[in-house]
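**Q** This is the structure, below, for whatever I ask next.
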């Protein structure tokens, strides 16, 4: 099949590459001429494991191409995906201006029947608005169908999530559109859930909000474990063995971040408010997430007494491992807070330092090429992102390079007993008496 994808950011590019990988012909569109030139040159602007090789091989095979022309993309694709940003507004609701603009652009160049698919994460009833907009601006009598096909990509494993999805959700009321979508997804062996458009749109926000709820639940539980001397990892293991609960997303830490959870949770809260059904449970999920970081910083402050003029090493800047994405990164929020208190902050991240250097906070940071270098002369090391590399550091050498051997493990990456045996003052999240 021939597919057009409007928007060549994280979702659009990954989706396009994976569709091309299974044999479809794909044309990705973006209005950023510089990005198109970069992609045509074989480079990609994001780090995602496996994506660069997939893009390059499919460009070479002629199955994946790029353009800045919406008309070219719409003419090319039997199915046209909308994969543009849906950033949050100040009140937490979703900025749909990019979606509306693309809908008008599609309407202006539409010549024949197309299936137009919302791939962006959008509030419920957006599909209705897209359909209204296209009817308003398109030539009278042109036929098209709108489909909601939410993405469930996890940064760091997005290629795997697309190639081997745990479910495919298709929201449509049209048998004609459904037939094309089934043909499109035929190469992917996965359960397909067919719903109405509104239900499909709700699924993504509901799923991410529930996962955020699990994270905030275990983070609050970690406070109870600290107060009672219990080990939150053992508690998580025990409750996770119940198949109704599961172990996923029961990993305590300094809070969730990234481009999806904070935005989608705020959007779902705003959607609920607009429908006259305030979702106070999710508001508390946000509050717990905010307090988790505040409490962690307070523990660092208590141990070091005064942060001003102290040297602190922070390992990890991306919001999670296996990505260079620093959007809404809790690690960066932590760094900003420590810098504001007058600490000299030395940072390391395996992938995200280039993007972090572009942020205002970078002026107050020292970027280091390896984690040991970051720890030179430091009073404390903070693990803010659970990159597996940090568990393999030579900790005996680390101790020799630090001024005082404090480790604050914001992701429970290390074993408390081992760290204390090595002579470190170690603090994890909710570990109680683990390790003595």
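Numbering (my numbering), first residue to last: 555 to 990.
Each residue gets a CB set at the ideal place from its N, CA and C atoms; glycine is no exception.
So residue 662 is in the alpha helix (DSSP H); what residue range does that whole segment cover?
**A** Run containing residue 662: 651 to 663, per the alpha helix (DSSP H) assignment.
**Q** Between the C-alpha atoms of residue 819 and residue 951, what's the straight-line distance to the nearest angstrom?
**A** Each residue's Cα considered, the two are about 42 Å apart.
**Q** Should residue 862 and residue 890 be called a contact, given that it needs their Cβ atoms to be closer than 8 Å?
**A** Going by C-beta atoms, residue 862 is not nearer than 8 Å to residue 890.
**Q** By Cβ distance below 8 Å, which residues in the same chain neighbour residue 880 in space, the five residues on each side in sequence not counted?
**A** For residue 880, where only same-chain residues beyond five positions count, the Cβ hits under 8 Å are 871, 872, 873, 886, 906, 909, 910 and 913.
**Q** Might you give, ordered along the chain, the residues of its own chain that have their beta carbon closer than 8 Å to the beta carbon of residue 799, omitting 5 neighbours on each side?
**A** Only 793 meet the Cβ criterion.
**Q** Is DSSP giving residue 691 helix, strand or coil here?
**A** In this structure, residue 691 counts as helix in the three-state DSSP scheme.
**Q** So, do the segment 812 to 828 and the segment 745 to 762 have three or more beta carbon pairs nearer to each other than 8 Å?
**A** These segments touch.
**Q** Among residues of its own chain, excluding the 5 on either side of residue 774, which ones have a beta-carbon nearer than 6 Å to its beta-carbon?
**A** 842.
**Q** If residue 770 and residue 839 are in contact, beta carbons under 8 Å, what's the gap, nearest whole angstrom?
**A** Contact flag correct, Cβ pair sits at about 4 Å.
**Q** When we look at the beta-carbon of residue 869 and count the other beta-carbons within 10 Å, is it buried (16 or more) or exposed?
**A** Classification of residue 869: buried, given that the 10 Å Cβ count is 16 or more.
**Q** Hey, residue 662 and residue 558: beta-carbon distance below 8 Å or not?
**A** Cβ distance not < 8 Å, so residue 662 and residue 558 don't count as in contact.
**Q** With DSSP as the reference, label residue 799 as helix, strand or coil.
**A** Coil at residue 799, not helix or strand.
**Q** To which residues of the same chain is residue 563 closer than 6 Å at the C-beta, ignoring the five residues directly before and after it?
**A** No residues qualify anywhere along the chain.
**Q** Give the straight-line distance between the Cα atoms of residue 776 and residue 585, rounded to the nearest whole angstrom.
**A** Computed Cα separation, rounded: 46 Å.
**Q** Tell me which same chain residues have a C-beta within less than 7 Å of the C-beta of residue 594, skipping the five on either side of it?
**A** Cβ within range, chain order: 620.
**Q** Quick one: measure Cβ to Cβ for residue 684 and residue 755, integer angstroms, because I've assumed they're closer than 8 Å.
**A** Actually they are not in contact, since the Cβ atoms of residue 684 and residue 755 sit about 11 Å apart, beyond 8 Å.
**Q** Going by DSSP, what residue range makes up the beta strand (DSSP E) through residue 726?
**A** Premise fails: residue 726 is in no beta strand (DSSP E) and is neither H nor E.
**Q** I need the boundaries of the beta strand (DSSP E) containing residue 702, first residue and last residue.
**A** Run containing residue 702: 698 to 702, per the beta strand (DSSP E) assignment.
**Q** Give the DSSP-derived three-state secondary structure of residue 573 in the structure shown.
**A** In the structure shown, residue 573 sits in a helix (DSSP, three-state: H, G or I).
**Q** Tell me the DSSP bridge mates of residue 908?
**A** DSSP, once it has assigned bridges, lists no residue as partnering residue 908.
**Q** Run through DSSP, which three-state label would residue 956 get?
**A** Note: residue 956 maps to coil in three-state DSSP.
**Q** Residue 935 bridges to which residues according to DSSP?
**A** 867 and 961, per the DSSP bridge assignment.
**Q** Output the distance between the C-alpha atoms of residue 883 and residue 811, rounded to the nearest integer angstrom.
**A** Rounded to the nearest angstrom, the two C-alpha atoms are 5 Å apart.
**Q** What is the rounded straight-line gap between the Cα of residue 625 and the Cα of residue 653?
**A** Going by the C-alpha atoms only, they are around 16 Å apart.
**Q** Mapping DSSP to helix, strand and coil, what is residue 557?
**A** In the structure shown, residue 557 sits in a strand (DSSP, three-state: E or B).
**Q** Pull up the DSSP beta-bridge partners for residue 641, would you.
**A** Partner(s): none; residue 641 has no beta bridge.
**Q** DSSP three-state call for residue 823: helix, strand or coil?
**A** Note: residue 823 maps to helix in three-state DSSP.
**Q** Can you name, in chain order, every residue of its own chain whose Cβ lies under 7 Å from the Cβ of residue 568, other than the five neighbours on each side?
**A** If we look at residue 568 and ignore the five residues flanking it on each side, its Cβ neighbours are 602, 605, 707, 712, 713 and 716.
**Q** May I ask which residues mark the beginning and end of the alpha helix (DSSP H) holding residue 595?
**A** That residue, residue 595, is in no alpha helix (DSSP H); it is neither H nor E in DSSP.
**Q** Measuring only the C-alpha atoms, how far is residue 831 from residue 670?
**A** One C-alpha to the other measures close to 30 Å.
**Q** What is the DSSP secondary structure of residue 814, reduced to helix, strand or coil?
**A** Coil.
**Q** Alpha carbon to alpha carbon, how far is residue 803 from residue 833? Give it in angstroms, no decimals.
**A** Using only the alpha carbons, I get a separation of about 21 Å.
**Q** Does residue 675 come out as helix, strand or coil in the three-state DSSP assignment?
**A** Residue 675: coil per DSSP, three-state reduction.
**Q** Where DSSP assigns a beta bridge to residue 668, which residues make up the other side?
**A** DSSP output for residue 668 lists 698 as bridge partner(s).
**Q** To the nearest angstrom, report how far apart residue 636 and residue 978 are at their CA atoms.
**A** Distance between the alpha carbons of residue 636 and residue 978 is about 51 Å.
**Q** Report the three-state DSSP secondary structure of residue 853 (helix, strand or coil).
**A** DSSP places residue 853 in helix when its eight states are reduced to three.
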